[in-house]
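Going down the list, the protein sequences come from chains A and B.
Quick note on the working numbering: the first sequence kicks off at 1 and runs consecutively.
Quick note on the working numbering: the second sequence kicks off at 1 and runs consecutively.
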Amino acid sequence: MADRHIAPDTPELRERWDSFAWTKENAKKADWHIAKYPEGRAKSAVMPLLDLAQRQVGEETDTQGWLPLPVIEYVAAYIDVPVIRVLEVATFYFMYNLVPVGKFHVQVCGTTPCMLRGSDDIISACKKRGMEKGKVSEDGLWTLTEVECMGNCATAPMVQINDGNYEDLTVERLDAVLDALAAGEEPKEGTQEPGRHTSEPSGGPTTLKEMVDANHDYRGDW
Amino acid sequence: MPKLTVDGQELEVPEGATVLQACELAGKEIPRFCYHERLSIAGNCRMCLVEVKPGPPKPQASCALPAAEGQEIRTDSEMVKTAREGVMEFLLINHPLDCPICDQGGECDLQDQSMAYGRGATRYDANKRAVTEKYMGPLIKTVMTRCIHCTRCVRFSEEIAGVDEIGALYRGEDMQITTYLEQAAAHELSANVIDLCPVGALTSRPYAFEARPWELKKTLSIDVSDAVGANIRLDSRGREVMRALPRINDDVNEEWLSDKGRYQVDGLTKRRLDKVFMRKRGKLAESSWDEAFKAIAKAKPGKNVAAIAGDMVDCETMFAAKALLGAMGSKLLEGRQTGMDYDVSNLAAVNFNTTFAGIETADAILIVGSHVRWEAALVNARIRKAVKNGAQVFVVGPKWETTYPATFLGEDLSVLNRIPKALGDAMKKAERPAVILGGAALAQGALGAGLKLVDKFKLVKDGWNGFNVMHFSAARMGGLMLGYAQKNGMADVVKAKPKVVFSLGADEMDFEPFVDALKVYIGHHGDKGAHAADIILPAASYAEKDGTYVNTEGRVQFAEKAVFAPGDAREDWTILRALADALGVSVGFDSFAELQAAMIKAVPALGEEGLADFGDLPKADSKAKAEGTIAAYPIKDFYLTNPIARASATMQQCSAELIHGEELAEAAE
Numbered sequence: 001m002a003d004r005h006i007a008p009d010t011p012e013l014r015e016r017w018d019s020f021a022w023t024k025e026n027a028k029k030a031d032w033h034i035a036k037y038p039e040g041r042a043k044s045a046v047m048p049l050l051d052l053a054q055r056q057v058g059e060e061t062d063t064q065g066w067l068p069l070p071v072i073e074y075v076a077a078y079i080d081v082p083v084i085r086v087l088e089v090a091t092f093y094f095m096y097n098l099v100p101v102g103k104f105h106v107q108v109c110g111t112t113p114c115m116l117r118g119s120d121d122i123i124s125a126c127k128k129r130g131m132e133k134g135k136v137s138e139d140g141l142w143t144l145t146e147v148e149c150m151g152n153c154a155t156a157p158m159v160q161i162n163d164g165n166y167e168d169l170t171v172e173r174l175d176a177v178l179d180a181l182a183a184g185e186e187p188k189e190g191t192q193e194p195g196r197h198t199s200e201p202s203g204g205p206t207t208l209k210e211m212v213d214a215n216h217d218y219r220g221d222w
Numbered sequence: 001m002p003k004l005t006v007d008g009q010e011l012e013v014p015e016g017a018t019v020l021q022a023c024e025l026a027g028k029e030i031p032r033f034c035y036h037e038r039l040s041i042a043g044n045c046r047m048c049l050v051e052v053k054p055g056p057p058k059p060q061a062s063c064a065l066p067a068a069e070g071q072e073i074r075t076d077s078e079m080v081k082t083a084r085e086g087v088m089e090f091l092l093i094n095h096p097l098d099c100p101i102c103d104q105g106g107e108c109d110l111q112d113q114s115m116a117y118g119r120g121a122t123r124y125d126a127n128k129r130a131v132t133e134k135y136m137g138p139l140i141k142t143v144m145t146r147c148i149h150c151t152r153c154v155r156f157s158e159e160i161a162g163v164d165e166i167g168a169l170y171r172g173e174d175m176q177i178t179t180y181l182e183q184a185a186a187h188e189l190s191a192n193v194i195d196l197c198p199v200g201a202l203t204s205r206p207y208a209f210e211a212r213p214w215e216l217k218k219t220l221s222i223d224v225s226d227a228v229g230a231n232i233r234l235d236s237r238g239r240e241v242m243r244a245l246p247r248i249n250d251d252v253n254e255e256w257l258s259d260k261g262r263y264q265v266d267g268l269t270k271r272r273l274d275k276v277f278m279r280k281r282g283k284l285a286e287s288s289w290d291e292a293f294k295a296i297a298k299a300k301p302g303k304n305v306a307a308i309a310g311d312m313v314d315c316e317t318m319f320a321a322k323a324l325l326g327a328m329g330s331k332l333l334e335g336r337q338t339g340m341d342y343d344v345s346n347l348a349a350v351n352f353n354t355t356f357a358g359i360e361t362a363d364a365i366l367i368v369g370s371h372v373r374w375e376a377a378l379v380n381a382r383i384r385k386a387v388k389n390g391a392q393v394f395v396v397g398p399k400w401e402t403t404y405p406a407t408f409l410g411e412d413l414s415v416l417n418r419i420p421k422a423l424g425d426a427m428k429k430a431e432r433p434a435v436i437l438g439g440a441a442l443a444q445g446a447l448g449a450g451l452k453l454v455d456k457f458k459l460v461k462d463g464w465n466g467f468n469v470m471h472f473s474a475a476r477m478g479g480l481m482l483g484y485a486q487k488n489g490m491a492d493v494v495k496a497k498p499k500v501v502f503s504l505g506a507d508e509m510d511f512e513p514f515v516d517a518l519k520v521y522i523g524h525h526g527d528k529g530a531h532a533a534d535i536i537l538p539a540a541s542y543a544e545k546d547g548t549y550v551n552t553e554g555r556v557q558f559a560e561k562a563v564f565a566p567g568d569a570r571e572d573w574t575i576l577r578a579l580a581d582a583l584g585v586s587v588g589f590d591s592f593a594e595l596q597a598a599m600i601k602a603v604p605a606l607g608e609e610g611l612a613d614f615g616d617l618p619k620a621d622s623k624a625k626a627e628g629t630i631a632a633y634p635i636k637d638f639y640l641t642n643p644i645a646r647a648s649a650t651m652q653q654c655s656a657e658l659i660h661g662e663e664l665a666e667a668a669e
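Take a look at the structure:
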């Protein structure tokens, strides 16, 4: 987290991104977001618009997308907000990328539950595949980031890759997911544990067992 | 009116007060960093924790908690004491212990409060955080490692200045205060964040490592860089003014000061006239008082003598000159150097009648020919407050960057004859409408047409006078009260063909028409006036003499002498008194006290600090018509409007970087 920084404002950056503008489709989406708020409160839409901009940059560069300064300035001008206010938001939230990332942004959760369930192995497996924290791999496919809790503690350890979560990982299962992504396939999202559907207790229910088949009123039991 | 108890003391507090304000009313000191009376409440420093019952059994941030009926507040309990110690310990975890090399030392909130409320020693032995310095322009020096993230500077620039440029980037431990891309903070009130900063993160760049607060002599003074008359404190050491800081005066400057008023003081030691000079064979050469006086006497002006007052002179100087000329039989006094000739038969018509505090409550404001941001930066902050409360603002004149939404009605003054519908509707709806006429409008002769608006917009009501004229020279109102005005302005002085012209620090006037006269410059800086003069008599600047000043709202204020004038320079009134002897006339005073008494006898209003009463507005001339266009505003460069500022290295740098910076960059490309 501490190494988060804004991409330097260089002439090359300006040249590449000064012409940024919504695509026709995204312009519609942006206005739809703004229309959710009362007249004159367009600035409330800053977060969805930054996300939209990041996705558009992603499409243009075939990556997850990031927010170059000219794009942040474009968003600020679009909702008529001082650019420093938009930059504050963009630097505050971790899901806005401030520097270029690869096609697949592998965000490994390293918070306590995941760590106890082996996230260290996951991170070293990623590194073994040539990923480096905060850097884009040579083939342009991967960027590794260690993040804080993603709220999937019941299915720890997990990684988030772009918009999908991959849970209940082991090194082998992670390799399978990453291989599939690299091959252009769409691996199954969510838990990778065979037989598990979502975050239900593995090995069957441990509490509220009477509720499995039908509703049960526990109040008499207390 | 909730009733509550603070440390067992019962009291009643106003509706809407916070617990912190209630404690202050009870006479308790509450430590704080982020809370500031004139900014919005942030509640992020946690230093103001108190114990409040009823409520959760934990300390509460008093700055953000509304006072309510029946609260029992304790500021002296064990819980509060340990809470303050805890907060202070956390604040100091990442704060460097570099007080000995910090400019805030001795006037630092963190230093004082850690002494009063902190633990004796630290328990923290890990590495401290370090943050890179941020560039914020030529006035603000940053040492961001010292920042405790109170966000006062962010809130000031957003709320008061209206120029969103400082922000808090990143989050948590990595939070950093910066301007966008580390651009210079470029507005007229930027340096106020230095005063607001409770630690040494933002300090004054020109004053860096110059002095410690306890070495400085503090003198109460008045800012003369514009006609607002901001109350300032001059901090001096020996013979040098080290810095100017604002004093709190809610009627005038609240607690802010424009960057020019604050930083022109380094000009007080540069380009000073500290010796008598006389023009000999076309060149100015050093001379003596005797020789100069003899030369003036030799000119035998008799009645043919005129005095032109500069923009920064005090009333005493102007009165002394008036007495001298009076004794010689002349009334050729003028202060409007650039040749303005508006009617001054009724001073209410050229006064800022609404008052600065009043303009905050206006709900529709028409500005005619005034670049308020540059002519009176602090008034602009007041207008911004009015706009935030719902006022509409219309401007006639060339576009300038307002810090609030404003409608520009074009440069043609004829809109005053045929009011556009939007303006007319807004004024009709307004309960407290106001009109502000600036110097550019006065120069176009729009005063008469402006006065016609008084009836049209119903500017004068019970307890409300919405007609205002905004001057921008500190000496203007005082000069007008003392009769420094000819019917046709400077043109009358030129026509009278005086043999001797006394220029009392007048640098903006045109000396060309006085080519045959003996031009005596009585002033303190080697600027335009001195270049054109035949005789230079070195005088004192505002920091070097006692004096009375009247601001544009007619507020009489008194400034004290902070330091002695350099070299042979003397206080202006002594020069004029000595001149009287040399010219063989009597002016009737031998001391400053006598001079002041005579002045107050002549103009009683100057003897009372506070607003002078100029009576009712005159009846408008129904034939008056506004004509012409306002092509430009009189101030071309905010940072270089007077001889002191022009001599100041800091102001020159500001001008070069903040006003001409873009041009320079373009020229380099």
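For glycine and all other residues, C-beta sits at the position ideal for the given N, C-alpha and C.
Note that the coordinates shown come from a computational prediction; the quantities given were computed from them, not determined experimentally.
Below-8 Å beta-carbon distance, residue i vs any chain A residue
| i | result |
| --- | --- |
| Arg373 (chain B) | no |
| Asp164 (chain B) | yes |
| Tyr170 (chain B) | yes |
| Asp507 (chain B) | no |
| Gly137 (chain B) | no |
| Gly588 (chain B) | no |
| Gly167 (chain B) | yes |
| Asp174 (chain B) | yes |
Contact check, residue i vs residue j, beta carbons under 8 Å
| i | j | result |
| --- | --- | --- |
| Pro138 (chain B) | Ala211 (chain B) | no |
| Thr548 (chain B) | Arg476 (chain B) | no |
| Arg173 (chain A) | Gln192 (chain A) | yes |
| Ala460 (chain B) | Leu617 (chain B) | Residue identity differs from the one stated: residue 460 (chain B) is Val in this sequence, not Ala. Closer than 8 Å, so yes. |
| Ile535 (chain B) | Ala295 (chain B) | yes |
| Leu87 (chain A) | Leu169 (chain B) | yes |
| Gly200 (chain B) | Asp103 (chain B) | yes |
| Thr87 (chain B) | Arg46 (chain B) | Rather than Thr, the amino acid found at residue 87 (chain B) in this sequence is Val. In this structure, Arg46 (chain B) lies closer than 8 Å to Val87 (chain B) by Cβ. |
| Gln444 (chain B) | Gly369 (chain B) | yes |
Cβ of residue i within 8 Å of any chain B Cβ
| i | result |
| --- | --- |
| Met1 (chain A) | Any reading at Met1 (chain A) must be qualified, since the residue scores a pLDDT of 47, below 50, and its modelled position is unreliable; no value is offered. |
| Glu210 (chain A) | no |
| Asp9 (chain A) | yes |
| Thr145 (chain A) | no |
| Thr243 (chain A) | Because chain A in this structure spans residues 1 to 222, residue 243 (chain A) falls outside the shown range and cannot be described. |
| Arg4 (chain A) | yes |
Integer-rounded CB distance, given that residue j should sit under 8 Å from residue i
| i | j | result |
| --- | --- | --- |
| Gln264 (chain B) | Met651 (chain B) | 6 Å |
| Leu595 (chain B) | Ala297 (chain B) | With a Cβ gap of about 22 Å, Leu595 (chain B) and Ala297 (chain B) do not count as contacting. |
| Pro538 (chain B) | Gly505 (chain B) | 11 Å between Cβ atoms; not a contact. |
Residues of its chain near residue i, where Cβ-Cβ distance is below 6 Å and the 5 sequence neighbours each way are ignored
| i | result |
| --- | --- |
| Ala156 (chain A) | Pro113, Cys114 and Arg117 |
| Trp22 (chain A) | Ala30 |
| Ile6 (chain A) | Leu98 |
| Leu423 (chain B) | Phe394 |
Other residues of its chain near residue i: CB distance less than 7 Å, five sequence neighbours each side excluded
| i | result |
| --- | --- |
| Glu671 (chain B) | Lying before the first or after the last residue shown, residue 671 (chain B) is absent from chain B, which here runs from 1 to 669. |
| Val71 (chain A) | Trp17, Phe20, Ala53 and Val57 |
| Ser77 (chain B) | Glu51 |
| Ala647 (chain B) | Gly267, Lys270, Arg271 and His525 |
| His216 (chain A) | Glu210 |
| Asp9 (chain A) | Leu69 |
Partners in chain D for residue i, counting only beta-carbon separations shorter than 7 Å
| i | result |
| --- | --- |
| Tyr180 (chain B) | The question asks about chain D, but that chain is absent: this structure's protein chains are A and B. |
Residues of its chain near residue i, where Cβ-Cβ distance is below 8 Å and the 5 sequence neighbours each way are ignored
| i | result |
| --- | --- |
| Ser288 (chain B) | Val276 |
| Lys331 (chain B) | Leu325 and Gly483 |
query = Which full runs of the beta strand (DSSP E) of 3+ residues lie inside the region 126 to 161 of chain A, going along the chain?
reply = 142 to 147 and 159 to 161
request  = Ignoring anything shorter than 3 residues or poking outside the region 220 to 247 of chain B, list the beta strand (DSSP E) runs there in chain order.
outcome  = 231 to 237 and 240 to 246
task = Taking only runs that begin and end inside the region 313 to 357 of chain B, name each unbroken beta strand (DSSP E) of 3 or more residues, in chain order.
result = 332 to 334
inquiry  = Could you tell me which whole alpha helix (DSSP H) segments of length 4 or greater appear in the region 167 to 218 of chain B?
reply    = 192 to 196
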